[in-house]
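Visitor: Residue numbers (my numbering): 3 to 138. Here it is, the structure, as structure tokens.
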């Protein structure tokens, strides 16, 4: 069954806006984000990412990926950009919060919307990964 494009576009817009907001928030700080408990492994990890400049790079990729996902013509590229970011979000929540953070609303929305978009684009990604099979 083909998924209607309006549904895919709305889901992509939700994912794109989420990454755009959280990416921009790093630079503009318009949403207060509570810090990780001082001295915790999560605080040390995020601190190392911050002082090295790596977190800024991740946030730029979030902004770029969010914009790309929201535009139908660049959606697949956006999913490729956001894939490693989403994997790191999930792994951070598993290893640094013991899995409790996996059920935070933004994480749930990111996981569901990205999974939906991957499913909607599964044929294109299968062709990319495995090559298209042509009969001769």
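Every residue, glycine too, gets a C-beta built ideally from N, C-alpha and C.
#1: Going by C-alpha to C-alpha distance, which of 92, 99, 64 sits closest to residue 82?
#2: When burial is assigned at 16 or more other CB atoms within 10 Å of the CB, is residue 5 buried or exposed?
#3: Using a 10 Å radius around the Cβ and a threshold of 16 neighbouring Cβ atoms, would you call residue 87 buried or exposed?
#4: I'd like the span of the alpha helix (DSSP H) that includes residue 21, first residue to last.
#5: Are there 16 or more other CB atoms within 10 angstroms of the CB of residue 72, so buried, or fewer, so exposed?
#6: With distances taken from CA atoms, which of 78, 74, 133, 98 is nearest residue 120?
#7: What is the rounded straight-line gap between the Cα of residue 38 and the Cα of residue 45?
#8: Check for me: the alpha helix (DSSP H) holding residue 104 runs from which residue to which?
Guide: From the atom records:
#1: Within the chain shown, the letter at position 80 stands for residue 82. When only C-alpha atoms are compared, the closest one is 64.
#2: As a working note, residue 5 is residue 3 in the chain shown. Taking every protein chain shown into account, the CB of residue 5 has fewer than 16 other CB atoms within 10 angstroms, so this residue is exposed.
#3: Within the chain shown, the letter at position 85 stands for residue 87. Buried is the call here.
#4: Looking up residue 21 in the chain shown gives position 19. Residues 7–30.
#5: In the chain shown, residue 72 corresponds to position 70, counting from 1. By the neighbour-count rule (16 or more Cβ atoms within 10 Å), residue 72 is buried.
#6: Counting from 1 along the chain shown, the entry for residue 120 is found at position 118. With distances taken between CA atoms, residue 120 lies nearest to 78 out of 78, 74, 133, 98.
#7: Looking up residue 38 in the chain shown gives position 36. Looking up residue 45 in the chain shown gives position 43. If you draw a straight line from the Cα of residue 38 to the Cα of residue 45, it comes to about 5 angstroms.
#8: As a working note, residue 104 is residue 102 in the chain shown. Per DSSP, residue 104 belongs to no alpha helix (DSSP H) and is neither H nor E.
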